[in-house]
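Undergrad: Encoded as structure tokens, here's the structure I'll be asking about.
In full-length UniProt numbering, the protein residues as written are 1 to 899.
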């Protein structure tokens, strides 16, 4: 036995079969990967299949491992051919498989088709779909369903070869041609397309047709590139005469060119089960043929009703999208407008997005449907009624859907992306009419760009806005960035000038739809109830229409406007779903380069009130972050954003002897919290009412280059400290800046750290280097303690766009507009404490804490406990950072007050 066989046998002692145990070995076929043999085994009346694989040793081993893993997943299902093990002849490596006595489905149909009833066919179809649904439930895609890989054993379906098809890339092009009719057309169009579950459903559709016909699809033509091209353009086999409508409707849905229009395998199973349990055998095609002959005999008979085959075609290419036999009898002399209503009411095919077409594929205009009768457009030779799917490329270009929107919500001048494929879903909702109070400003909610033309300045206190919305379709699409947009981004990155990204948003837009827009129409009015008229009389002013027929205010006719929306060319884009930054269209590597160039930003700033009761000495309070927007919470979870949280606190109760300290508790994979300690020389129970400013920094995942803080350049340094017996530790900052403040972040919080406060101050190390000095203080025992594990985040300000002169104040007007959500006269500030002592003396003092009082800078005082040396006000200075200010953002090196 070879080493390889020993290795497989070690996985399963029954996996390896001795080749000498097999007898009566007979070649019964040749597959894509090698020959197939039938064999008997010694002391067994059972047949086995031996399948040779023409691969090298490594690939063979990989296939065996894959088969073992797959077999473990599917071994319980009786409709799956079992992989039993391996064996070696002198010249071949062989898989040992379960044997199917009726051979392939193709062979089985050749031998037994004339004996099969529709019940038999339904049973085969159901077993096939059910077996594939089992694979899909196990997250397994077959990828090569065809009548050679579907086997039959004792008149029951058995699936084979689903493990081997991951090797499909190794199959020669000539071998692939054998399966052309069964392959998802998307694969024929794009060789890099990844076959998926809906691809299996396509193959199921072809196999259901094969079960109904007894023949291989397109058996009378060559399987070559020409056939592949025709299939990719919509060619399908003709429905076999006598096929029940429900069955043919099912498989034509399965082989739809568009994946999203195909049912899931679960839906296929459910439909086949329904058909199997409620069989109705009507020879529809024969009925159609007889009625057609009768119609031709009585060409002028006004009441002639005929059943038609309906084909839906693409507008430009005339590619077949869907083919279905209608169960409706339609009057040849009825107007198309009436035919439309009947089809919409009684048939799930017709909708407002489709147009009638004559036999030469000429589209019938919607307004002409009231004048044209069915007989004038029907394809009499094939008894086919053609419907045309709209050319949505027309709307894409007309509505400039590939253009972004600027900050003013207008469409940009340059195209940001290209739509590479789209799907349409009809929205069955009726028109909606709502009224919104303009005084309360509700009309802005969720509407993204549709109100800018309404003059709300002249509205009265009683004004309301009437909104009539008619959503017709959802247009979902795939996109790729426009090459011109990519070039502009690369040029901006190469220039190393972040301001150029603002110019890009001005030219290409700030945001685009993520993948979906709603098309339809909206009408807006400002309604002013006049005192001179009855209460039921409303005067419409400031009419604005998006989509539909155009009117001036006084002539607006709601019914006529809604009727105009039956024509898809009158639709407009009324909603952008999930707008995203245009920069999110870019590849990941380019987005990362933008992040690194622009740097981190202040993503969120808010001041919140927190209340709790202090009832034990040394206790801390864990507080959840309040009122954080959902998008910021998502950004906090994103490791790419590299977020940090800074917080500072003011005591609203203004207790002179109490100092509050804030730290961050941020365990892995959990939401961050605030750790609040109250430092008291002598414990006193109290109610705490705190005002805490929270600032979140990180890379802006939404690429908002219009942020008011865009020109503030800073970095966040992270220094990790390991638990030690030391009470103090020092680090040097990498950045050459003395404008900084910081906060400790704990990843875990056990009993030993409950009362620990990590304090710090900064110092001048020399040569313009800034040092960080940290210490641990126990608030319960009022003494130094050992440092725990923690990370210290330092906010280091590097550059400002405003005018500045060395260490004077720095102005940055309107910084906080649209960022600070809550504020009043009592404003917490981020305070930095700096040692002014000479080199190597900065560690002589501590623990030292700063307390913010309510009366601005004059209220910043120093508190110190158990200090090694007496502190003079000349030993330390402080700077503060107040991002809520419109000016005087930073004040540097103010003198301290001691207390």
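Glycine included, each C-beta is placed from N, C-alpha and C at the ideal position.
#1: Residues in the same chain with beta-carbon distance under 7 Å from residue 212, minus the five sequence neighbours each way, listed in chain order, please.
#2: Would residue 902 and residue 468 be called neighbours here (beta carbons separated by less than 8 Å)?
#3: For residue 784 versus residue 727, is the C-beta spacing smaller than 8 Å?
#4: Compare the Cα-Cα distances from residue 138 to each of 185, 193, 197 and 153 and report the closest residue.
#5: I need the straight-line Cα distance from residue 881 to residue 773, nearest angstrom please.
#6: With a 10 Å radius around its C-beta and 16 neighbouring C-beta atoms as the bar for buried, classify residue 674 as buried or exposed.
#7: Counting C-beta neighbours from all protein chains within 10 Å, is the total for residue 766 16 or more, i.e. buried, or is it exposed?
#8: Can you tell me which of the three DSSP states residue 448 falls into?
#9: Fully enclosed by the stretch 92-126, which beta strand (DSSP E) runs are 3 residues long or longer?
#10: Check whether the Cβ atoms of residue 522 and residue 582 lie closer than 8 Å to each other.
#11: List the endpoints of the continuous alpha helix (DSSP H) containing residue 776.
#12: Is the separation between the beta-carbon of residue 771 and that of residue 717 shorter than 8 Å?
#13: How many Å lie between residue 900 and residue 380 at the Cα?
#14: By the 10 Å Cβ neighbour count, where 16 or more other Cβ atoms means buried, how is residue 210 classified, buried or exposed?
#15: Alpha carbon to alpha carbon, how far is residue 472 from residue 637?
#16: Pick from 151, 110 and 119: whose alpha carbon is nearest that of residue 219?
#17: Expressed to the nearest angstrom, what Euclidean distance is found between the alpha-carbon atoms of residue 361 and residue 476?
#18: Does the stretch 665-684 come close enough to the stretch 609-618 to have 3 or more Cβ pairs within less than 8 Å?
#19: Check whether the Cβ atoms of residue 331 and residue 374 lie closer than 8 Å to each other.
#20: When you compare each of 511, 617 and 725 to residue 782 by their alpha carbons, which one comes out closest?
#21: Let me make sure I understand the geometry here. Which of 271, 277, 126 and 311 has the alpha-carbon closest to that of residue 236?
#22: Just tell me which of 90, 796 and 746 has its CA closest to the CA of residue 787.
#23: Between which two residues does the alpha helix (DSSP H) carrying residue 508 extend?
#24: Put residue 618 into one of helix, strand or coil per three-state DSSP.
#25: Assuming residue 54 and residue 102 make a contact with CB atoms under 8 Å, what is their CB distance in whole Å?
#26: Looking at the structure shown, is residue 705 part of a helix, part of a strand, or coil, going by DSSP?
#27: Under three-state DSSP, which class holds residue 433?
#28: Please report how far the alpha carbon of residue 89 lies from the alpha carbon of residue 51, in whole angstroms.
#29: Would you decide whether residue 828 is buried or exposed? Buried here means 16 or more other CB atoms lie within 10 Å of its CB.
#30: Do residue 105 and residue 151 count as a contact pair if the criterion is CB distance below 8 Å?
#31: Does the stretch 699-708 come close enough to the stretch 647-660 to have 3 or more Cβ pairs within less than 8 Å?
#32: Report the partner residues of residue 793 according to the DSSP bridge assignment.
#33: Any idea which residues DSSP pairs residue 136 with across the strands?
#34: Buried or exposed for residue 23, please, with buried defined as at least 16 other CB atoms from any protein chain shown within 10 angstroms of its CB.
#35: For residue 700, count neighbouring C-beta atoms within 10 Å of its own C-beta (all shown protein chains included) and say buried if the count is 16 or more, exposed if not.
#36: Taking the beta strand (DSSP E) that residue 357 falls in, what are its first and last residues?
TA: From the atom records:
#1: On the chain shown, position 212 is the one that residue 212 refers to. In chain order, 121, 240, 243 and 247 place their CB closer than 7 Å to the CB of residue 212, counting only its own chain and leaving out the 5 sequence neighbours on each side.
#2: The displayed coordinates of the chain run from 1 to 899. Any statement about residue 902 would go beyond what the structure contains.
#3: As a working mapping, residue 784 is identified with position 784 in the chain shown. As a working mapping, residue 727 is identified with position 727 in the chain shown. Their beta carbons are under 8 Å apart, which means residue 784 touches residue 727 by this criterion.
#4: Here residue 138 refers to the residue found at position 138 when the chain shown is read from its first residue. For the residues 185, 193, 197 and 153, the minimum Cα distance to residue 138 belongs to 197.
#5: Position 881 of the chain shown, counted from the first residue, corresponds to residue 881. Position 773 of the chain shown, counted from the first residue, corresponds to residue 773. A straight line joining the alpha-carbon of residue 881 with that of residue 773 spans about 20 Å.
#6: Residue numbering aside, residue 674 sits at position 674 when the chain shown is read from its first letter. Residue 674 is classed as buried because its beta carbon has at least 16 other beta carbons within 10 Å across all chains shown.
#7: Indexing the chain shown from 1 puts residue 766 at position 766. With fewer than 16 Cβ atoms within 10 Å of its Cβ, residue 766 is classed as exposed.
#8: By 1-based counting over the chain shown, the position of residue 448 is 448. Only weak support is given to the placement of residue 448: the predicted model assigns it a pLDDT of 46, under 50, and the value that follows is read from those uncertain coordinates. Three-state result, residue 448: coil.
#9: The stretch 92-126 contains these whole beta strand (DSSP E) runs: 93-98.
#10: Residue numbering aside, residue 522 sits at position 522 when the chain shown is read from its first letter. Residue numbering aside, residue 582 sits at position 582 when the chain shown is read from its first letter. No, Cβ-Cβ distance for residue 522 and residue 582 is not below 8 Å.
#11: Position 776 of the chain shown, counted from the start, is the residue given in the question as residue 776. Run containing residue 776: none in the alpha helix (DSSP H); it sits in the beta strand (DSSP E), 769-778.
#12: The count along the chain shown starts at 1 and reaches residue 771 at position 771. The count along the chain shown starts at 1 and reaches residue 717 at position 717. Taking 8 Å as the Cβ cut-off, residue 771 and residue 717 do not qualify as a contacting pair.
#13: Past the edges of the chain, shown from 1 to 899, lies residue 900, and the structure says nothing about it.
#14: On the chain shown, residue 210 is found 210 positions in, with the first residue counted as 1. Buried, by the Cβ-count rule.
#15: To locate residue 472, count along the chain shown from 1; it is residue 472. To locate residue 637, count along the chain shown from 1; it is residue 637. Separation of residue 472 and residue 637 (C-alpha to C-alpha, rounded to the nearest whole angstrom) is 37 Å.
#16: Along the chain shown, read from residue 1 onward, the residue named residue 219 stands at position 219. Cα-wise, what sits closest to residue 219 is 110.
#17: Numbered from its first residue, the chain shown carries residue 361 at position 361. Numbered from its first residue, the chain shown carries residue 476 at position 476. In this model, residue 361 and residue 476 are separated by some 26 Å (Cα to Cα).
#18: Three or more Cβ pairs drawn from the stretch 665-684 and the stretch 609-618 lie within less than 8 Å of each other, which places the two stretches in contact.
#19: By 1-based counting over the chain shown, the position of residue 331 is 331. By 1-based counting over the chain shown, the position of residue 374 is 374. A contact, by the Cβ cut-off of 8 Å.
#20: As a working mapping, residue 782 is identified with position 782 in the chain shown. Closest in C-alpha terms to residue 782, from the list 511, 617 and 725, comes 617.
#21: Position 236 of the chain shown, counted from the start, is the residue given in the question as residue 236. Ranking 271, 277, 126 and 311 by Cα distance to residue 236 puts 311 first.
#22: Translated into positions along the chain shown, residue 787 becomes position 787. Comparing Cα positions, the closest option is 746.
#23: Against the chain shown, residue 508 aligns to sequence position 508. For residue 508, the uninterrupted alpha helix (DSSP H) segment begins and ends at 500-508.
#24: Here residue 618 refers to the residue found at position 618 of the chain shown. Correct three-state label for residue 618: coil.
#25: Numbered from its first residue, the chain shown carries residue 54 at position 54. Numbered from its first residue, the chain shown carries residue 102 at position 102. Residue 54 to residue 102, Cβ: 26 Å. No contact.
#26: On the chain shown, position 705 is the one that residue 705 refers to. Correct three-state label for residue 705: coil.
#27: Counted from its first residue, the chain shown places residue 433 at position 433. Strand at residue 433.
#28: Counting from 1 along the chain shown, the entry for residue 89 is found at position 89. Counting from 1 along the chain shown, the entry for residue 51 is found at position 51. Computed Cα separation, rounded: 11 Å.
#29: Walking along the chain shown from the start, residue 828 turns up at place 828. Burial check for residue 828: the Cβ neighbour count within 10 Å reaches 16 or more, so the residue is buried.
#30: The residue labelled residue 151 in the question sits at position 151 within the chain shown. The residue labelled residue 105 in the question sits at position 105 within the chain shown. Note that the C-beta distance between residue 151 and residue 105 is below 8 Å.
#31: Flag = no, the stretch 699-708 and the stretch 647-660 do not touch.
#32: In the chain shown, the residue the question calls residue 793 occupies position 793. 718 and 743, per the DSSP bridge assignment.
#33: For the purposes of this step, residue 136 is identified with residue 136 of the chain shown, where counting begins at 1. Residue 136 pairs with nothing; no bridge assigned.
#34: The count along the chain shown starts at 1 and reaches residue 23 at position 23. Exposed is the label assigned to residue 23, since fewer than 16 other Cβ atoms lie within 10 Å of its Cβ.
#35: Counted from its first residue, the chain shown places residue 700 at position 700. Residue 700 counts as buried, since at least 16 other C-beta atoms from the protein chains shown sit within 10 angstroms of its C-beta.
#36: The residue labelled residue 357 in the question sits at position 357 within the chain shown. Start and end: 355-357.
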